[in-house]
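Scroll down for the structure; my scribbles are underneath it.
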Amino acid sequence: MSEGAGGWAELVVVDDGYVAFLAAGEQAEGDFRCSGCGYGVSIHRALPVCPMCGGVTWEQPPPRLN
Numbered sequence: 003m004s005e006g007a008g009g010w011a012e013l014v015v016v017d018d019g020y021v022a023f024l025a026a027g028e029q030a031e032g033d034f035r036c037s038g039c040g041y042g043v044s045i046h047r048a049l050p051v052c053p054m055c056g057g058v059t060w061e062q063p064p065p066r067l068n
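Under the working numbering, the letters of the sequence shown match residues 3 to 68, in that order.
Here it is, written out as structure tokens:
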């Protein structure tokens, strides 16, 4: 993961079975789930500490199928 223009994290999608995680405090945009309890947030700022479990790692959920 790298920091793009404006300080926002750029997520690199790789299809190797691994999930990319972001830490609380990292700038992010989009939908994320707490890796500890699954709590979901839609965000356009720094990721928070999870209000449900206190977790500090976040992941993007898989894309929705239409």
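Note that beta-carbon positions come from the ideal geometry of N, C-alpha and C, so glycine has one too.
From the DSSP output, in three-state form, read off residue i for me.
i	result
Glu-28	coil
Val-21	coil
Gly-40	coil
For residue i, list the residues DSSP reports as bridge partners.
i	result
Gly-57	None; Gly-57 has no bridge partner.
Ala-48	Gln-29
Arg-35	Gly-42 and Glu-61
Can you list, in chain order, the residues of its chain with a C-beta nearer than 7 Å to that of residue i? Leave out the 5 residues immediately preceding and following it.
i	result
Pro-63	Asp-33 and Arg-35
Ala-48	Gly-27, Glu-28 and Gln-29
Cys-52	Cys-36, Gly-38, Cys-39 and Tyr-41
Which whole-angstrom value is the C-beta distance of residue i and residue j, which I expect to be below 8 Å?
i	j	result
Ser-37	Gly-56	Ser-37 to Gly-56, Cβ: 12 Å. No contact.
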